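For the sequence shown, numbering that gives the first Met the number 0 gives the first residue as 0, with consecutive numbering after it.
Shown next, in structure tokens, is the structure this report addresses.
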Amino acid sequence: MRRFVALVLALMAAPSFAQEPKKDAKNVYPPIPVIDLKRKEPVEYGKDIEPIFEKKCLVCHSGTELSGKYDMGTHEKVLKGGKRGAAVVPGKSAESNLFLLCARQKLPMMPPKGDEPLTSQELSLIKLWIDEGAKAPTTMKVKEKIVVNLPAALVKPVRALAVSPDGKAIAASRGNQINVFALKITPADKKGGPEKKEWEYAKSFFDPQLKTPDGKPAKAAHISLVESMAFSPDGKTLATGSFQELTLWDVEKGEPKQRIAGFVDRVCAIGFSADGKKFVTGGGAPTEDGEIKIFDTVTGKLIWEIKAGHSDTVFGVAFSPDGLLLATCGADKFVKVFEMPHAGLGWPFPPGPKAPRFAKSFEGHTHHVMGIGWTPDGKKIASCGADNFVKVWDYEKGEKIRDMQGHQKQVTSLFFVGKSTQFVTGSGDASVRMWNADNGGNVRSFPGAADFVYAVSASTDGTVVASGCEDGVVRVYNGTNGTLMKAALPPDAEPKKK
């Protein structure tokens, strides 16, 4: 269903393309039967029809890249159709290509093989809605406005953390603050003393335009808690996510380049493509459909939004190394993969998909799936969850390769180290570990954490590993031997130098 509407428009301008299926045609699915719903009340678009479109159509027909230029995001746009005209004739389902293609009463019958078709119940609702006049919603969806207050000054847990690709800087969130720590290198002295490497607090990021609910300067990076962050591959941009907003920062200047609003709830995860041209966010309100959005890094504009990709909050996102696949995970216990539009993506009919499409799902976690990542060859996916497990999956076969145990509580974060098959995990059991995706081995453990670990990250070469904890401490490790190099306290708690 996710791809069927791209072909609706091909039928609108050229009736010869929309033919009655031949009785002796081979490999043709039978029409979906329409049932008598015996409803006393009229069909409501918002209650009965829109959820069907959200579940099976909006992956390809929302955002800025639309199959057939057909946007199904609103009632008005559903009726308007795409580049070839209207898809719905109010009062006449028998003349509406939207219904006829869904019902597989005209060629090419959609959805094609491999996609989930409409059920008779769903099809009959759409038919009845059209026959009743394809009426607009009678009530508007209005969410209660949420006023976000500044978090208390005592809120210090490091909920998000990122190591710059070159390993020379670490950004960490505490409440609504973003603190940056820098690596200071003191050359060897003339007397033969060794080179010294020390981590020191460098600066904090503030948005000067940010105001509190009562109009005062916020003196913070975000109004609410900073939930996620990621460096761009070149290390020049830092993306940070909070409640209903995301900010792109100029790392060198420590200034915001752009604020992006419009998220329904928390931005729980951020990931850049390997070329740095795109970034993806994951989030959403608890118990509602997860939110996955893909943006242009330079302009900050929304490219695609994957609707109903998950049935609950999305906690992890990761592009494959070649950028052709996107892996996601969430509170619905699933790992899912979506194919990004590209020239080599197979498609039986032109013009081909212009939006991400669902590829595979992996089921096996028994609780929230909190983090995800790819091996450098793009053949394996590693995931971690609140069920205390780390799992490795074979993408091509769609199968689990192994379970990896070692953490005693929920595994909250997962981060692959550069182009190696090694990745780091953090857990609620106050442990940080490094694993090998190829053989499942626990490469090493990193000591010192005294509380719940929320986030982990590493430099591209793996020489720097960092963790963020409930106690507000950023712990910086030597990634090659596991030794603790620095336990960085909040700036106001660091001892003053004499």
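From the three backbone atoms N, C-alpha and C, an ideal C-beta is built for every residue, glycine too.
Everything numeric in this text was worked out from a predicted model, so none of it was measured.
Simplified DSSP assignment, three categories, for residue i
i, result
"residue 382", "strand"
"residue 419", "coil"
"residue 290", "strand"
"residue 222", "coil"
"residue 492", "helix"
"residue 24", "Unreliable placement is indicated for residue 24, whose pLDDT of 45 sits below 50; the coordinate value is still reported in the next sentence. Coil, per DSSP."
"residue 200", "strand"
"residue 502", "No statement about residue 502 is possible, as the shown extent of the chain runs from 0 to 497 and does not include it."
"residue 36", "coil"
"residue 394", "coil"
"residue 209", "coil"
"residue 344", "Since pLDDT at residue 344 reaches only 48, below the 50 mark, its modelled position is unreliable, and the value read off the structure follows with that caveat. Note: residue 344 maps to coil in three-state DSSP."
"residue 323", "coil"
"residue 399", "strand"
"residue 332", "coil"
"residue 278", "strand"
"residue 471", "coil"
"residue 98", "helix"
"residue 405", "coil"
"residue 183", "strand"
"residue 46", "helix"
"residue 295", "strand"
"residue 414", "strand"
Residue range of the beta strand (DSSP E) that includes residue i
i, result
"residue 51", "First-last for residue 51: 49-55, but that is the alpha helix (DSSP H), not the beta strand (DSSP E)."
"residue 227", "227-230"
"residue 269", "254-271"
"residue 362", "356-362"
"residue 432", "431-435"
"residue 239", "236-249"
"residue 368", "368-373"
"residue 316", "313-318"
"residue 304", "301-305"
"residue 173", "168-173"
Residue environment, residue i, which counts as buried when at least 16 other CB atoms sit within 10 Å
i, result
"residue 368", "buried"
"residue 252", "exposed"
"residue 479", "exposed"
"residue 315", "buried"
"residue 438", "exposed"
"residue 206", "buried"
"residue 34", "exposed"
"residue 212", "exposed"
"residue 222", "buried"
"residue 390", "buried"
"residue 158", "buried"
"residue 432", "buried"
"residue 446", "exposed"
"residue 297", "exposed"
"residue 185", "exposed"
Short Cβ contact (8 Å threshold) for residue i with residue j
i, j, result
"residue 397", "residue 383", "no"
"residue 454", "residue 467", "yes"
"residue 320", "residue 340", "no"
"residue 408", "residue 387", "yes"
"residue 465", "residue 381", "no"
"residue 473", "residue 169", "yes"
"residue 219", "residue 209", "yes"
"residue 99", "residue 105", "yes"
"residue 444", "residue 430", "yes"
Limits of the alpha helix (DSSP H) - the one that residue i falls within
i, result
"residue 87", "Where residue 87 is concerned, there is no enclosing alpha helix (DSSP H), given that its DSSP letter is neither H nor E."
"residue 31", "From DSSP, residue 31 is part of no alpha helix (DSSP H); its letter is neither H nor E."
"residue 127", "119-130"
"residue 75", "74-79"
Inside the stretch 433-463 only - alpha helix (DSSP H) runs reaching at least 4 residues: none
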